[in-house]
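A short worksheet on the structure shown next.
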Amino acid sequence: MLVADPNCRHTKKRSKQRARGVDKAPGQSDTEPRLISFKEQVEQLVLDNTRGLDEIEDTYKEEIQAESLRRR
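Residue 23 is where the sequence shown starts when you use my numbering, and the numbers rise one by one after that.
Here it is as structure tokens:
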């Protein structure tokens, strides 16, 4: 289960907004904004992890290329 870091500035901001009802439309339940916030957090985690994997892949390719140049 994913849990948002309570010290994260985005988490704190969203919590304050929810407490004030900022992102709640008239007639909207309290659950919907929380689900949207959770979805945004998951999307950010996926994006961060994808970037991390891309960096690992790029580094790996650079290492392979450097190794092949050394062998020549």
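From the three backbone atoms N, C-alpha and C, an ideal C-beta is built for every residue, glycine too.
Tell me where the alpha helix (DSSP H) around residue 52 begins and ends.
-> Counting from 1 along the sequence shown, the entry for residue 52 is found at position 30. For residue 52, there is no enclosing alpha helix (DSSP H), as DSSP gives it neither H nor E.
Give me the Cα-Cα distance between residue 70 and residue 81, rounded to the nearest whole angstrom.
-> Position 48 of the sequence shown, counted from the start, is the residue given in the question as residue 70. Position 59 of the sequence shown, counted from the start, is the residue given in the question as residue 81. So the alpha carbons of these two residues sit roughly 17 Å apart.
Label residue 59 either buried or exposed according to how many other C-beta atoms from any shown protein chain fall within 10 Å of its C-beta, with 16 as the threshold for buried.
-> Along the sequence shown, read from residue 1 onward, the residue named residue 59 stands at position 37. By the 10 Å Cβ count, residue 59 comes out buried.
Assigned secondary structure, residue 92 (DSSP; H/G/I helix, E/B strand, else coil) = Against the sequence shown, residue 92 aligns to sequence position 70. Here residue 92 sits in helix by DSSP.
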